[in-house]
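Colleague: Shown below is the structure under consideration.
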């Protein structure tokens, strides 16, 4: 076959060009990571072959001993990573080696640009591990044939990492993939057997697939050279250089801490060490092994709830699927790990997983295990847990709405800012709040606002500060929605201070109640006139029992939708019922005292409208007519 027959040249996707430019022209302190990435990809290819061969017996092609082989050729200056896994078709080569088929590529490139002078921490985390080959190679060849395809349907892919790649047909007897790296002159250290073995031992010892290298026998090299005839072909011997046993199948006492950490990096493509992990083998009605990890840092796309993520599922050590989300709820999408079951069928499908009672049992067990890990971490390693909460707390809160059976546990794991410390650090637990509650206090009070500054300075807090009552301050975007599902903790009710009538229980004196009733009666004409003017803007106008320094505030009606939730729904393009606030006035405030039912109507309306707009602004609301507010304020200032 002529070299030019069916040979095609293609340009890389724009993002790949940018990525290669960063890799090739940046100095990384951890160049060796390329080998770990390529070995991990080869191991994944073997896992996929095992799974597909369950329904395609011919895929093994009389070669069922799956392995990875590393070969260094010092004369040619090449390093070859070969596997006999699933291989790739021409279409898959174009898709996998010409594009980055992952969301968030722009964010990745921006992050990589910032980190380029430190190391390659971000490679792999975004599904671009193959391209790390260009850190050490000035040309990369890929020769691959997919299992089940004919020998002449193999594909050759070649690129120097300069914006283009060539692709052409190839005859390849064996299935699988060979990646040939033409190393840069300054990277020839990666041809040394001792260097390669040390990297494999460091990063890939846990891989369940055997990684082979040419056997080195220095004992009788001289004698062999003398006896070997000039034209004799020496067939090299290969030996396995990693443990080649699935780490989760080994006993916990046989696994070093560093092995657990490297296995986490392998399955998660996270170059940070895990925060904590749990390795358990369960025997009895159901038999399964789980190895679950909690990360230290959140991935860039954590808030993408649609992105597939979850544990790797194996059945009797046979890989079934990546990102088996059926075994963990979405609010625990930060968890990584492996689940190996003896009870699920080998031909398992997503439909079977969704309907299986065994699946539900495994899911409940995994959730319980993760929450238990977090509880232990929160009790014994408070600083580490605080770091976890800062990274993943907003996601964990989703569980309040999505996991009713574990709501109490999730609530116990939550951390809040509060008026007790008056900082934006979320480090107060509900248990700590309850321990500090006043003897007469029967509710847990909280306030939700758009940001911490608004929460801290809210006029709704005035009566609570005056009486020394602690209030939890929430300001994450998810809080208004999530807290709607948390109505009690233990035997304590939770109460939003911006909702309904002020209810301080035993902390409110009879004199306070009578004072409000008396003020309401004495100012009934004023209240009625204000209510008439404000009309459809408000549900009611009342004398406030919660204000001490501010002239007015707006309060959501008890059981009704809050103003903040209504704004969130509208911003998301969702239909929302009209939320009319209750307008509360501080009858003892100087600005309110000057209001008189007999004052000129236009002046009265200006003052009432100004007080109402101020209250809406203090609640992080948006004014319907900012220009009218400004003109009204100017008129009153000039008077």
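Numbering (this note's numbering), first residue to last: 11 to 649.
Glycine included, every Cβ here is placed at the ideal spot set by N, Cα and C.
Going by DSSP in three states, residue 179 sits in which element: helix, strand or coil?
Modeller: By 1-based counting over the chain shown, the position of residue 179 is 169. Here residue 179 sits in strand by DSSP.
Colleague: Mind checking which residues open and close the alpha helix (DSSP H) that includes residue 392?
Modeller: Along the chain shown, read from residue 1 onward, the residue named residue 392 stands at position 382. Start and end: 392-406.
Colleague: For the beta strand (DSSP E) holding residue 7, just list the boundary residues, first then last.
Modeller: Outside the displayed span of the chain (11 to 649) sits residue 7, for which this structure offers no information.
Colleague: Is any non-hydrogen atom of the ligand ZN found closer than 6 Å to the C-beta of residue 460, if you look at the structure I gave you?
Modeller: Of ligands this structure carries none, so the ligand ZN is not represented either.
Colleague: Thinking just about the alpha-carbon of each residue, which of 634, 151, 408 and 558 is nearest to the one in residue 547?
Modeller: Stepping through the chain shown from its first residue, residue 547 is reached at position 537. Minimum Cα distance to residue 547 is reached at 634.
Colleague: Any chance you could list the alpha helix (DSSP H) runs of at least 4 consecutive residues sitting entirely within the stretch 308-390, in chain order?
Modeller: As far as the stretch 308-390 is concerned, its whole alpha helix (DSSP H) runs of at least 4 residues are 360-365 and 367-390.
Colleague: Kindly confirm or deny that the stretch 141-151 and the stretch 53-71 touch, where touching means at least three C-beta pairs closer than 8 Å.
Modeller: Output reads no: the stretch 53-71 does not touch the stretch 141-151.
Colleague: Using 7 Å as the threshold, is the C-beta distance between residue 280 and residue 186 below it?
Modeller: Reading the chain shown from its first residue, position 270 is the one you call residue 280. Reading the chain shown from its first residue, position 176 is the one you call residue 186. No, they are not a contact pair.
Colleague: For residue 377, which residues of its own chain have a beta-carbon under 8 Å away from its beta-carbon, when the five flanking residues on both sides are left out?
Modeller: Position 367 of the chain shown, counted from the first residue, corresponds to residue 377. Closer than 8 Å at Cβ, skipping near neighbours: 338, 339, 342, 413 and 416.
Colleague: Considering only C-alpha positions, which residue in the set 284, 278 and 257 is nearest to residue 350?
Modeller: Translated into positions along the chain shown, residue 350 becomes position 340. Looking at the Cα atoms, 257 is the closest of the given residues.
Colleague: Would residue 448 and residue 503 be called neighbours here (beta carbons separated by less than 7 Å)?
Modeller: In the chain shown, counting from the first residue as 1, residue 448 sits at position 438. In the chain shown, counting from the first residue as 1, residue 503 sits at position 493. It is not a contact, given that the beta carbons lie outside the stated cut-off.
Colleague: Once DSSP output is grouped into helix, strand and coil, what is the label at residue 245?
Modeller: Within the chain shown, residue 245 is the residue found at index 235, counting from 1. Correct three-state label for residue 245: coil.
Colleague: List the endpoints of the continuous alpha helix (DSSP H) containing residue 49.
Modeller: Position 39 of the chain shown holds residue 49. 43-62 is the extent of the alpha helix (DSSP H) around residue 49.
Colleague: Taking all protein chains shown into account, decide if residue 521 is buried (16 or more other Cβ within 10 angstroms of its Cβ) or exposed.
Modeller: The residue you call residue 521 lines up with position 511 of the chain shown. Exposed: under 16 other Cβ atoms inside 10 Å.
Colleague: Can you tell me the Cα-Cα spacing of residue 428 and residue 495, whole angstroms?
Modeller: Taking the chain shown and counting its residues from 1, the one referred to as residue 428 is at position 418. Taking the chain shown and counting its residues from 1, the one referred to as residue 495 is at position 485. When rounded, the distance between both Cα atoms is 20 Å.
Colleague: Which first and last residues belong to the beta strand (DSSP E) in which residue 651 is found?
Modeller: Residue coverage of the chain in this structure runs from 11 to 649, which leaves residue 651 outside it and unanswerable.
Colleague: How do the stretch 525-535 and the stretch 477-488 stand: do at least 3 beta-carbon pairs fall below 8 Å, yes or no?
Modeller: No, the stretch 525-535 is not in contact with the stretch 477-488.
Colleague: As a quick exercise: from 591, 400 and 645, pick the residue whose alpha carbon is nearest that of residue 625.
Modeller: Mapped onto the chain shown, residue 625 falls at position 615. The option with the nearest alpha carbon to residue 625 is 591.
Colleague: Between residue 201 and residue 491, what straight-line distance do the alpha-carbon atoms span, to the nearest angstrom?
Modeller: Within the chain shown, residue 201 is the residue found at index 191, counting from 1. Within the chain shown, residue 491 is the residue found at index 481, counting from 1. Cα to Cα, the separation comes out at about 57 Å.
Colleague: What's the gap between the Cα of residue 509 and the Cα of residue 527?
Modeller: Walking along the chain shown from the start, residue 509 turns up at place 499. Walking along the chain shown from the start, residue 527 turns up at place 517. Distance between the alpha carbons of residue 509 and residue 527 is about 20 Å.
Colleague: Excluding the 5 residues flanking residue 51 on each side, which residues of the same chain have their C-beta closer than 7 Å to its C-beta?
Modeller: Sequence index remark: in the chain shown, residue 51 carries index 41 (1-based). Within the same chain, residue 51 has close Cβ partners 139 and 140.
Colleague: So, for residue 621: in the same chain, excluding its five sequence neighbours on each side, which residues have a beta-carbon less than 6 Å away from its beta-carbon?
Modeller: As a first step, residue 621 is located in the chain shown; it is residue number 611 there, counting from the start. Result list for residue 621: 561 and 562, in chain order.
Colleague: Helix, strand or coil: which one does DSSP assign to residue 223?
Modeller: Indexing the chain shown from 1 puts residue 223 at position 213. Strand, per DSSP.
Colleague: For residue 639 versus residue 623, is the C-beta distance shorter than 7 Å?
Modeller: By one-based count along the chain shown, residue 639 stands at place 629. By one-based count along the chain shown, residue 623 stands at place 613. Their beta carbons are under 7 Å apart, which means residue 639 touches residue 623 by this criterion.
Colleague: For residue 393, which residues from the same chain have a beta carbon less than 7 Å from its beta carbon, with the 5 sequence-adjacent residues on both sides left out?
Modeller: As a position in the chain shown, residue 393 is number 383, starting the count at 1. If we look at residue 393 and ignore the five residues flanking it on each side, it has no Cβ neighbours.
Colleague: Give the straight-line distance between the Cα atoms of residue 455 and residue 493, rounded to the nearest whole angstrom.
Modeller: As a working note, residue 455 is residue 445 in the chain shown. As a working note, residue 493 is residue 483 in the chain shown. Cα to Cα, residue 455 sits roughly 12 Å from residue 493.
Colleague: If you check the beta carbons only, do residue 347 and residue 302 fall under 7 Å apart?
Modeller: Taking the chain shown and counting its residues from 1, one reaches residue 347 at position 337. Taking the chain shown and counting its residues from 1, one reaches residue 302 at position 292. Contact flag set, yes.
Colleague: Take every Cβ of the stretch 163-178, pair it with every Cβ of the stretch 62-75, and state whether three or more of those distances are shorter than 8 Å.
Modeller: No contact exists between the stretch 163-178 and the stretch 62-75.
Colleague: Which of the three DSSP states is assigned to residue 438 in this structure?
Modeller: Start at 1 with the first residue of the chain shown, and residue 438 comes out as number 428. Three-state result, residue 438: strand.
Colleague: Check residue 498 in the structure and name its three-state DSSP category.
Modeller: Here residue 498 refers to the residue found at position 488 of the chain shown. DSSP places residue 498 in strand when its eight states are reduced to three.
Colleague: I need the DSSP call for residue 9, collapsed to helix, strand or coil.
Modeller: Any property of residue 9 remains undetermined from this structure, which presents the chain solely from 11 to 649.
Colleague: Closest to residue 181 by C-alpha separation, out of 155, 224 and 589, would be which residue?
Modeller: Residue mapping note: residue 181 aligns to position 171 of the chain shown, counting from 1. It is 155.
Colleague: Considering only DSSP beta bridges, list what residue 473 is partnered with.
Modeller: Mapped onto the chain shown, residue 473 falls at position 463. According to DSSP, residue 473 bridges with nothing at all.
Colleague: If distances are taken between C-alpha atoms only, which option among 87, 304 and 401 comes closest to residue 199?
Modeller: Along the chain shown, one-based indexing puts residue 199 at 189. When each option's Cα is compared against that of residue 199, the closest is 87.
Colleague: For residue 472, I'd like the list of residues in its chain whose CB is within less than 8 Å of its CB, leaving aside the five on either flank, ordered along the chain.
Modeller: Position 462 of the chain shown, counting from 1, holds the residue named residue 472. So the list reads 556, 557, 558, 559 and 560, once near-sequence residues are dropped.
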